[in-house]
Amino acid sequence: MAKKLPNKLKLKPGLNIGTAGAETDDAFLHESFLQTGFFDAALSARDPRFLVVGRTGSGKTALLNMVERTSPHVVRIDPVELHFQHIANSNIVGFISSLGVRIEPFFEMLWRYTFVVELIRARFNIQDAAGAKNIFERLGIKTKRARALDLLKNLSPEFWKSIDIRVTEANKTLERSVKGALGGKIADLDISAEGVSRLTDQKKVEYRQRVEQILGSEQLAALREAIKFLAEEVFDDDQNIYYVIIDDLDKEFAEDDMRVRLLKTLVETIRSMRPVRNVKFLAAIRTDLLDLVFEKTRDASFQQEKYEDDILNVTWTPNDLFEVVNRRINLLFKRVYTKDKVDFYDLFSEEVNRKPTREYIIERTLLRPRDCILFVNKCLDKAQNSTSITASHVKLAEADYSASRFISLRDEWGSVYPRLDLYVKPLRQKLANFHLREVEEAAIYDLLLELAAAGQDTSDRLTAHAITEYERKEADVVGFRAKWAKVLFQVGVLGVKPAPNVTMMWSFRDRVTVSDATFQPNVLLNVHPIFWHELGSKPPQHA
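Residue numbers (this note's numbering): 60 to 602.
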C-alpha cells in the first residue's frame, strides 16, 4: 500500500513529470537532470567520443542541452539552416555528380569551412564587417598561416553573416571555380543529366579531371592549414573549452541519399578536427540512422570498428531511470503541493501483479527516460482525484501507454520499415514468449502475400524480400520467417535467446549484430512487455 501523500492531498487533473521531448521539457529537465557517466564524457575535451548515439527518446537532445547550459562557450549548428537541400539540388552539384565525380570532398569542405568560421566568430565575438576586418588584421600580423586566413576571406567576404548565407556563398564559389576550370564553357552546356549524357566520352573525361582537381585540392589543403591555425594560435588555452553542438540530424535537411553522404562526411570532418584539442564536438544521431550511414557508404576498405572510439552511447540502467522518475516526482510535488520530499513509493502502490511497481514500469520501457516519463504521466492521468496511484491505475494507464509506444516505434522506423503494422500481425493475440517454429507458416505466407501486393517499395527491405519470394516458383516461407523475426528484433519488438546458455538479447540494450542464421526454427523469442497490451500478447505465468 502506498504511503499517503502529505495531508491526504488529491491528485489534480493535468499533473505530469515532464514532456516527451527535451525541447519542451525545460520545466523539469534542468532541475532534475541526472548527471551520468556519459554526461561527464560529453563534457570532457580529452574524451575522443563525439557521436552521441541512442534511439529516439534516449536523452540525446537533453544531454546536449545540459552541456550548453553548463558551458560558457558553445557553438550550436542546425543542419536545417545550412540549406544543404538547396545546394544538393543546385545545377553545379548535379553536373558534378553526373560526370561521375565524387561530391564528398565538396561536402567535407563545406563542413570544415562551417566549423572553422563559426569557431572564429564565437572565439572573437564577430558581429559585423568592422569586427571581422579588425580580427583578420590582428590575426594576420602574428599568424604563420596567412594562407588559411586568405582562404576564409575569399570563401566568404561577408564573414559575419548568418550561416546559411555563408554556405550558399561557398556553393557559388565552387560554381565559379568549376566555370573557370572549364574555360567558361559550362555556361553553354545543358547541365541536366540528359545533357551530360550527350557529351562525348572524351569530353566527360576532360571535364571530370578538371573538376576533380578543384574538389581535391587547394581549398581542402588550405582548410587543413586553417585547422592547424585554430589548434596552435586560437584555441590554445586548456582552461577555455569550446563546444560545437550539432543536433536534429534525423530531420529532413536533405534527400535521403544526399543526407547519408552529408552525414558520413560530417563524421570524417569532425575526426579531422581532433588536432584542435580545446574544442569538443558533439553530434547527436539516432542509432538506426548511423547504422544506415555505415551501410550505405561502406566500400572495400571500410572498417566499422575504427569508428567505435568515436561513439558515445546514451544508455541507462534501471536504477538510473528510477532515479530520473524519483527526482521528477519530488520536483512536481514541491511545486504543486508541499516542500516535503515525496518519492515514488509515496505516490505508487508497492506492487502490480505481484511485482514491485518500479520494476513493473521499467520493464515496460525500452530503457529510455521518455518511456518512463510518459508511463508515469499516463498513471497520473488515470489517478485524477485519488490520493495515490494504485495497481488498477497502472493497469489502466498501460493500455494507453502501450498503444502510444507502438505508434512511436512505427514513426521511428517508418523510413526503413514503413509497414510495421503489417509485420506484427502474426504476433497478435499470441503467446509473448515462443519458439520461432511456433509462428505458423500459413500466417507468415499471408504476410508475405500482403506485403508483395502492397507494391514495389524498394525502401522497405522486408517488402523487397516478400516480392522476391512471391516471384519464385515456390516461396521459401521458412527463410522469409527468419528475415521477418530479424526485422522485429532490430526494431525492438522481439528479443532473441540464441542459445540456452545466453541471456535474452535486445537490440536497444545490447547493440549486437545478428545474422539471419540466428533465427533458426528452435530459437526462443520474446515480445517486449512494452507491447504486450497493444498486441494482446499472453504473458508467461510468472510475469
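Where is the CB? At the ideal position from N, CA and C, for every residue including glycine.
Treat the numbers as computed from the prediction; the structure is a model and nothing was measured.
- Bounds of any beta strand (DSSP E) do not take in Ala-576, whose DSSP letter is neither H nor E.
- The Cβ-Cβ distance between Ala-523 and Leu-510 does not fall below 7 Å.
- Look at Gly-538 here: in three-state DSSP terms it is helix.
- With respect to the 7 Å criterion, Arg-496 and Pro-580 are classified as neighbours on the basis of their beta carbons.
- With respect to the C-alpha of Pro-107, the residue from Ser-447, Ser-130 and Pro-334 having the closest C-alpha is Pro-334.
- In this chain, His-132 is not harboured by any beta strand (DSSP E), its DSSP state being neither H nor E.
- According to the DSSP secondary-structure assignment, His-494 is paired through a beta bridge with Leu-583.
- Linking Glu-354 to Trp-472 through their CA atoms gives a straight-line distance of about 16 Å.
- A residue is called buried when at least 16 other Cβ atoms come within 10 angstroms of its Cβ; Lys-441 meets this threshold and is buried.
- The Cβ atoms of Ile-304 and Leu-123 lie closer than 7 Å to each other.
- In the DSSP annotation of this structure, Phe-340 is not part of any alpha helix (DSSP H); the continuous beta strand (DSSP E) holding it starts and ends at 338 to 345.
- Comparing alpha-carbon positions, the option among Pro-415, Leu-479 and Asn-444 lying closest to Ala-450 turns out to be Pro-415.
- Nearest in C-alpha terms to Asp-306, of all of Val-395, Ala-81, Phe-183 and Val-573, is Ala-81.
- If the five residues before and after Ile-420 are omitted, its C-beta is found closer than 6 Å to the C-beta atoms of Phe-434, all from its own chain and listed in chain order.
- Here DSSP, grouped into helix, strand and coil, assigns Phe-154 to helix.
- Only exposed fits Asn-299, as fewer than 16 other CB atoms lie within 10 angstroms of its CB.
- In terms of Cα proximity to Trp-591, the closest of Glu-528, Thr-424, Asn-436 and Val-573 is Thr-424.
- Under the three-state reduction of DSSP output, Gly-96 falls in the helix class.
- Assigned with DSSP and collapsed to three states, Leu-553 falls in strand.
- Sequence-distant Cβ neighbours of Phe-381 in its own chain, meaning closer than 6 Å and more than five residues away, are Arg-417.
- When DSSP states are grouped into helix, strand and coil, Met-564 belongs to the strand group.
- Leaving aside the five residues that flank Tyr-529 on each side, the residues in its chain whose CB is nearer than 8 Å to its CB run, in chain order, Leu-507, Leu-508 and Ala-511.
- Contact annotation: Asn-372 and Val-550 have beta-carbon atoms that are not nearer than 7 Å.
- By the Cβ test, the segment 383 to 395 is in contact with the segment 72 to 90, since at least three Cβ pairs between them sit closer than 8 Å.
- Taking Val-383 as reference, the option from Ser-596, Val-139, Arg-269 and Glu-90 with the minimal CA-CA separation is Glu-90.
- About 39 Å separates the beta carbon of Tyr-301 from that of Leu-158, a gap too long to meet the 8 Å contact definition.
- Rounded to whole angstroms, the separation of the alpha carbons of Glu-327 and Pro-559 is 41 Å.
- Taking C-alpha positions only, Glu-593 is separated from Leu-88 by approximately 29 Å.
- Listed as beta-bridge partners of Tyr-419 by DSSP are no residues whatsoever.
- The residue from Tyr-482, Ala-104, Leu-68 and Thr-120 with its alpha-carbon nearest to that of Arg-427 is Thr-120.
- When the beta-carbon positions are compared, Asn-378 and Phe-403 stay at least 7 Å from each other.
- Per DSSP, Tyr-476 is not a residue of any beta strand (DSSP E), being assigned neither H nor E.
- Around the CB of Gly-118, 16 or more other CB atoms lie within 10 Å, so the residue is classed as buried.
- Counting along the chain, Leu-371 sits inside the beta strand (DSSP E) bounded by residues 370 to 372.
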